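Peer 1: If you scroll down you'll find the structure; I have some questions about it.
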Amino acid sequence: MLIKKPQGWEIPEREATDESVYLRRRQIIQGLGFLGMEALASQALAAVAPDLYPAERNPKYTLDRPLTPEADATGYNNYYEFTLDKARVKDVARGFNSEPWKVQVKGLVNNPKTYDIDDLVRKFPLEERLYRFRCVETWAMAVPWTGFPISHLIKEVDPKPEAKFMRMVTVNRPAEMPGIESQPHYPWPYFEALEIKEAMNEMALFVTGIYGKPLPPQNGAPIRLITPWKYGLKSIKSIVEIEFTSKRPRTLWNDIGGAEYGWYSNVNPKRPHPRWSQAQDRIIPNGELRPTLMYNGYEEFVRSMYSGREF
Ligand SMILES: Nc1nc2c(c(=O)[nH]1)N[C@H]1C(S)=C(S)[C@@H](COP(=O)(O)O)O[C@H]1N2
Ligand SMILES: [Mo]
Numbered sequence: 510m511l512i513k514k515p516q517g518w519e520i521p522e523r524e525a526t527d528e529s530v531y532l533r534r535r536q537i538i539q540g541l542g543f544l545g546m547e548a549l550a551s552q553a554l555a556a557v558a559p560d561l562y563p564a565e566r567n568p569k570y571t572l573d574r575p576l577t578p579e580a581d582a583t584g585y586n587n588y589y590e591f592t593l594d595k596a597r598v599k600d601v602a603r604g605f606n607s608e609p610w611k612v613q614v615k616g617l618v619n620n621p622k623t624y625d626i627d628d629l630v631r632k633f634p635l636e637e638r639l640y641r642f643r644c645v646e647t648w649a650m651a652v653p654w655t656g657f658p659i660s661h662l663i664k665e666v667d668p669k670p671e672a673k674f675m676r677m678v679t680v681n682r683p684a685e686m687p688g689i690e691s692q693p694h695y696p697w698p699y700f701e702a703l704e705i706k707e708a709m710n711e712m713a714l715f716v717t718g719i720y721g722k723p724l725p726p727q728n729g730a731p732i733r734l735i736t737p738w739k740y741g742l743k744s745i746k747s748i749v750e751i752e753f754t755s756k757r758p759r760t761l762w763n764d765i766g767g768a769e770y771g772w773y774s775n776v777n778p779k780r781p782h783p784r785w786s787q788a789q790d791r792i793i794p795n796g797e798l799r800p801t802l803m804y805n806g807y808e809e810f811v812r813s814m815y816s817g818r819e820f
């Protein structure tokens with residue numbers, strides 16, 4: 510590639526530095542309120558409410574397998590807005606900025622509200638839970654998440670009687686998320702949904718931390734969904750909008766591949782994906798195979814919500 514090379518002293522900082530990094534650094538420097546803090550500002554970005562971590566572990570939720578090493582759960586990711594290359598997500602997402610951040614709750618609720626993330630993480634007590642995590646691609650992990658039950662937020666916003674579903678949307682930031690433009694065939698921003706009944710289940714969490722620390726960008730900072738009885742594609746990352754509806758909302762994967770990805774996407778070893786079996790978990794990082802459990806082993810918690818035909 511031929512590049513017209515200006516004299517060193519002519520290079521504006523925004524050319525010497527990746528544009529998004531430059532803009533963010535400026536915001537941080539402005540936020541600090543005075544000059545001379547460039548060195549500080551170029552350090553790792555501030556995480557949301559680090560003083561809240563580690564949160565106390567809730568002992569009710571136990572595992573049948575070892576925890577996934579932190580480096581694997583934070584180094585092998587699906588986050589297509591950054592890249593399809595699971596091992597590279599953490600590098601491409603490194604500069605992603607989750608402050609400031611707002612989460613808008615709207616639709617059929619008596620108390621619609623836009624929360625600042627710093628207020629939201631302090632509003633409900635955080636707890637740590639160890640959950641199995643199963644991707645529709647068959648790989649599986651066991652992860653210590655920190656978050657709060659979605660039911661707490663739902664009680665606060667108070668859905669109207671006609672509300673039956675909760676739709677969620679990921680942030681849309683093409684400048685920081687190169688996958689949005691390099692994968693234009695996906696209908697960005699990422700969108701998902703649950704029945705309110707499912708979101709009220711005690712297992713359903715809004716997660717803000719992992720391994721006793723605030724979420725890093727690759728795992729969905731600053732706030733993502735975790736519903737461990739469903740395939741990982743339901744667990745939408747970096748949420749900015751939550752809408753309560755009476756009609757069942759569409760969801761990204763079900764929209765683009767309904768035969769492959771059911772609206773419910775409940776983990777079910779007896780229901781194969783059209784191109785592969787779902788009978789086994791492939792454990793990250795060692796590749797060990799284990800039988801996949803119905804509802805990913807959470808049947809006792811979720812069975813009462815289903816007739817068994819939801820997929
Ligand atoms: N916005 C957004 N959320 C997303 C995805 C994504 O590409 N974009 N991938 C999903 C899929 S397929 C999986 S398996 C999990 C992966 O979460 P993890 O990287 O924390 O393991 O995130 C889910 N949430
Ligand atoms: Mo996935």
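Using our numbering, the letters of the sequence shown map in sequence onto residues 510 to 820.
For every residue, glycine included, the Cβ atom is placed at its ideal position computed from N, Cα and C.
For clarity, every value in this text was computed on a predicted model and none was experimentally measured.
If we count the other Cβ atoms within 10 Å of its Cβ and call it buried at 16 or more, is Tyr555 buried or exposed?
Peer 2: According to the sequence displayed, residue 555 carries Ala and not Tyr. So Ala555 counts as exposed.
Peer 1: Going by CA-CA distance only, name the one from Leu639, Arg566, His661, Gly604 that's closest to Gly806.
Peer 2: Leu639
Peer 1: Mind the definition here: the stretch 715–730 touches the stretch 654–661 only if three or more C-beta pairs lie below 8 Å; say whether that holds.
Peer 2: yes
Peer 1: Going by Cα to Cα distance, which pick from Val678, Met709, Lys706 is closest to Trp697?
Peer 2: Val678
Peer 1: Any contact between the stretch 681–699 and the stretch 582–601? By contact I mean 3 or more CB pairs, one from each, below 8 Å.
Peer 2: yes
Peer 1: Please state the DSSP three-state secondary structure of Gln613.
Peer 2: strand
Peer 1: Using 7 Å as the threshold, is the C-beta distance between Arg780 and Phe820 below it?
Peer 2: yes
Peer 1: Here's a check: name, in chain order, each residue in its chain whose Cβ is nearer than 7 Å to the Cβ of Met814, leaving out the five neighbours to either side.
Peer 2: Around Met814: Lys706, Glu707, Asn710.
Peer 1: Are the beta-carbon atoms of Ala702 and Thr760 separated by less than 7 Å?
Peer 2: yes
Peer 1: Rounded to whole angstroms, how far is the Cβ of Lys746 from the Cβ of Gly729, which I believe are closer than 8 Å?
Peer 2: 3 Å
Peer 1: Can you give the beta carbon distance from Ala558 to Asp627, rounded, assuming they're within the 8 Å contact cut?
Peer 2: 6 Å
Peer 1: Would you list, in sequence order, the uninterrupted alpha helix (DSSP H) runs of no fewer than 4 residues that lie entirely inside the stretch 598–663?
Peer 2: 598–601, 626–632
Peer 1: In three-state DSSP terms, what is Glu690?
Peer 2: Note: Glu690 maps to helix in three-state DSSP.
Peer 1: Suppose you measure from the CA of Leu561 to the CA of Leu802; what does that come to, to the nearest Å?
Peer 2: Approximately 33 Å between the Cα atoms of the pair.
Peer 1: Report yes if the CB atom of Gln613 is closer than 7 Å to the CB atom of Glu750, and no otherwise.
Peer 2: yes
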